[in-house]
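> Okay, here's the structure, questions in a sec.
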Amino acid sequence: MAKILDGKAVSAAVKERVAAEVAALGTEGVSVGLAVILVGDDSASRVYVNNKKKACEACGIRSFEYALPAETTQEELVALIEKLNADPAVNGILCQLPVPRHIDDKAVIAAIAPEKDVDAFHVANVGHIMVGDYTFLPCTPAGVMELLHSADISPEGKRCVVIGRSNIVGKPMAMLLLHENGTVTVCHSRTKDLAAICREADILVAAVGRAKFVTADMVKAGAAVIDVGMNRDENGNLCGDVDYDAVEPVAGYITPVPGGVGPMTIAMLMQNTLTAAKQQNGR
Ligand code: GUN
């Protein structure tokens, strides 16, 4: 039976730490602010944005929400970002992805000032992460590392397998595991013998975006299985990329969905926003 890596509990502790620091900054007259931009009416994105706003409230961070219509042009969106770049009340800027198809997400990310890029998606921040010299870490991979640390799981010398090679999760996840001396393999849709590679993993991170993709035969006994997925199963119920009921008896550690990586992502966003505010105020 696997130990549960409880993202709700660990994220609550992170947010408490952030809230205490935000309050301390407040006594020095420094406020912390996050601008969240949502373009269009994707219902999942709306839920994520609402959760981010709620977390800001819990941490004493001011949130500035910009809900823009789906037909917003790229020029209009970039103009808003440039205005927020220049606004000293805004320490962090986040544009919820995906944006509508007529907008180039790379251009949007490039428009965000790197020092306000609390998602750590800007190529300048990606480069800093690559060389191991960073201010911000992307929120989901950073949240996964925090969860591992909370259970004293060190990647050092371990076989780590990441399924998925997205810029948001898979690639930076691999880099963070590598920074902590894991031996990392990144798998993707063209990988051959995926199950056999996954079975070698001491730490297995699933970021594929396919419901219950990781089955028990892909998991080594005692492995730490981290589920980054958020999907609907055949009955419309929320589920991850891991077939939880089948994998849980095999794994040593496992993250539930919901209540695993999801809350950690938001907690790390709060931490990044605090870091941005401290940096911008010479703290
Ligand atoms: N869409 C899915 N995950 C994320 C995230 O971490 N940040 C942003 N901006 N958009 C997302």
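Position one of the sequence shown corresponds to residue 198 (my numbering), numbered consecutively onward. Ideal Cβ placement from N, Cα and C applies to all residues, glycine included.
Using only Cβ atoms and a threshold of 6 angstroms, which residues come within that distance of a heavy atom of ligand 1? Order them by chain position.
Qualifying residues come out as Leu291, Cys292, Gln293, Leu294, Asp316, Cys336, Thr337, Ile365, Thr462.
> Compute the Euclidean distance between the alpha carbons of Ile463 and Gly457, then round it to the nearest angstrom.
Translated into positions along the sequence shown, residue 463 becomes position 266. Translated into positions along the sequence shown, residue 457 becomes position 260. The alpha-carbon atoms of Ile463 and Gly457 are separated by roughly 11 angstroms.
> Measure the alpha-carbon distance for Leu202 versus Glu377 and round it to whole angstroms.
On the sequence shown, position 5 is the one that residue 202 refers to. On the sequence shown, position 180 is the one that residue 377 refers to. For Leu202 and Glu377, the distance between alpha carbons rounds to 19 angstroms.
> Based on DSSP bridge pairs, tell me the residues matched to Val358.
In the sequence shown, the residue the question calls residue 358 occupies position 161. Paired residue(s): Thr382, Leu401.
> Tell me where the beta strand (DSSP E) around Arg214 begins and ends.
Your numbering for residue 214 matches position 17 in the sequence shown. No beta strand (DSSP E) contains Arg214, which is instead part of the alpha helix (DSSP H) from 204-224.
> Using 8 angstroms as the cut-off, can you tell me whether the region 218-229 makes contact with the region 357-370, which would need three or more C-beta pairs spanning the two stretches below that distance?
Judged by Cβ distances under 8 angstroms, the region 218-229 makes no contact with the region 357-370, as fewer than three pairs qualify.
> How long is the line joining the alpha carbons of Glu431 and Asp399, rounded to whole angstroms?
The residue you call residue 431 lines up with position 234 of the sequence shown. The residue you call residue 399 lines up with position 202 of the sequence shown. So the two alpha carbons sit approximately 30 angstroms from each other.
> Residue range of the alpha helix (DSSP H) that Ile365 falls in?
Translated into positions along the sequence shown, residue 365 becomes position 168. Careful: Ile365 lies outside any alpha helix (DSSP H) and carries neither H nor E.
> Determine the extent of the beta strand (DSSP E) in which Val236 is found, giving its start and end residues.
Indexing the sequence shown from 1 puts residue 236 at position 39. Unbroken beta strand (DSSP E) run through Val236: 230-236.
> Near Asp390, what residues of its chain come up, given a Cβ to Cβ distance below 8 angstroms and the 5 sequence neighbours on each side ignored?
Walking along the sequence shown from the start, residue 390 turns up at place 193. Excluding sequence neighbours, Asp390 sits near nothing in its chain.
> Measure the CB-CB distance between Glu353 and Gly329 and report whether it falls below 9 angstroms.
Taking the first residue of the sequence shown as 1, we reach residue 353 at position 156. Taking the first residue of the sequence shown as 1, we reach residue 329 at position 132. It is not a contact, given that the beta carbons lie outside the stated cut-off.
> To the nearest angstrom, report how far apart Pro335 and Val341 are at their CA atoms.
In the sequence shown, residue 335 corresponds to position 138, counting from 1. In the sequence shown, residue 341 corresponds to position 144, counting from 1. Near 10 angstroms, if we compare the C-alpha coordinates of Val341 and Pro335.
> If you check the beta carbons only, do Val447 and Lys417 fall under 9 angstroms apart?
The count along the sequence shown starts at 1 and reaches residue 447 at position 250. The count along the sequence shown starts at 1 and reaches residue 417 at position 220. Taking 9 angstroms as the Cβ cut-off, Val447 and Lys417 qualify as a contacting pair.
> Under a three-way DSSP split, which group does Ser242 fall into?
Counted from its first residue, the sequence shown places residue 242 at position 45. DSSP places Ser242 in helix when its eight states are reduced to three.
> Determine which residues share a DSSP beta bridge with Ile278 and list them.
Within the sequence shown, numbered from 1, the residue matching residue 278 stands at position 81. DSSP output for Ile278 lists no bridge partner at all.
> Beta carbon of Leu281: closer than 8 angstroms to some heavy atom of ligand 2?
For ligand 2, the structure offers nothing, since it holds only ligand 1.
> Please determine, among Lys303, Lys368, Ala210, the residue with the shortest C-alpha to C-alpha distance to Val402.
Locating residue 402 in the sequence shown gives position 205, counting from the first residue. Checking every option, the nearest Cα to that of Val402 belongs to Lys368.
> Can you give me the Cβ contacts of Asn470 inside the same chain, cut-off strictly under 7 angstroms, excluding the 5 residues immediately before and after it?
In the sequence shown, the residue the question calls residue 470 occupies position 273. According to the sequence shown, residue 470 is Thr rather than Asn. The answer, listed in chain order, is Val229, Leu231, Ile258, Asn288, Gly289, Val315.
> Between the region 247-255 and the region 294-309, are three or more C-beta pairs nearer than 8 angstroms?
Output reads no: the region 294-309 does not touch the region 247-255.
> Work out the CA separation of Lys200 and Met415 for me, nearest whole Å.
Within the sequence shown, residue 415 is the residue found at index 218, counting from 1. Within the sequence shown, residue 200 is the residue found at index 3, counting from 1. The alpha-carbon atoms of Met415 and Lys200 are separated by roughly 18 angstroms.
> Tell whether a beta-carbon distance below 9 angstroms holds between Ala267 and Asp238.
On the sequence shown, residue 267 is found 70 positions in, with the first residue counted as 1. On the sequence shown, residue 238 is found 41 positions in, with the first residue counted as 1. Yes, these two residues count as a Cβ contact at 9 angstroms.
> Could you spell out the range, first to last residue, of the alpha helix (DSSP H) harbouring Arg396?
Position 199 of the sequence shown, counting from 1, holds the residue named residue 396. Element bounds for Arg396: 391-396.
> For Val275, which of Ala310, Met198, Ala420, Leu345 has the nearest alpha-carbon?
Indexing the sequence shown from 1 puts residue 275 at position 78. Selected option, being the one with the closest Cα: Ala310.
> Span of the beta strand (DSSP E) holding Ala421?
The sequence position of residue 421 within the sequence shown is 224, counting from 1. Here the beta strand (DSSP E) through Ala421 covers 421-424.
> Suppose the cutoff is 8 angstroms on Cβ atoms and the five residues either side in sequence are ignored; what does the same chain contact list for Glu343 look like?
Residue mapping note: residue 343 aligns to position 146 of the sequence shown, counting from 1. Val207, Val211, Met461, Ala464, Met465.
> Alpha carbon to alpha carbon, how far is Thr472 from Met327? Give it in angstroms, no decimals.
By 1-based counting over the sequence shown, the position of residue 327 is 130. By 1-based counting over the sequence shown, the position of residue 472 is 275. Taking the straight line joining both Cα atoms gives about 19 angstroms.
> Would you tell me roughly how many angstroms separate the C-alpha atoms of Thr452 and Pro297, rounded to the nearest one?
Residue numbering aside, residue 452 sits at position 255 when the sequence shown is read from its first letter. Residue numbering aside, residue 297 sits at position 100 when the sequence shown is read from its first letter. So the alpha carbons of these two residues sit roughly 31 angstroms apart.
> List the residues that DSSP assigns as beta-bridge partners of Leu466.
Here residue 466 corresponds to residue number 269 of the sequence shown, with the count starting at 1. Note: Leu466 sits in no beta bridge, so no partner.
> Just to confirm, are Lys313 and Leu281 a CB contact at a threshold of 9 angstroms?
For the purposes of this step, residue 313 is taken as residue 116 along the sequence shown, with counting starting at 1. For the purposes of this step, residue 281 is taken as residue 84 along the sequence shown, with counting starting at 1. Yes, the pair counts as a contact, with Cβ atoms nearer than the cut-off.
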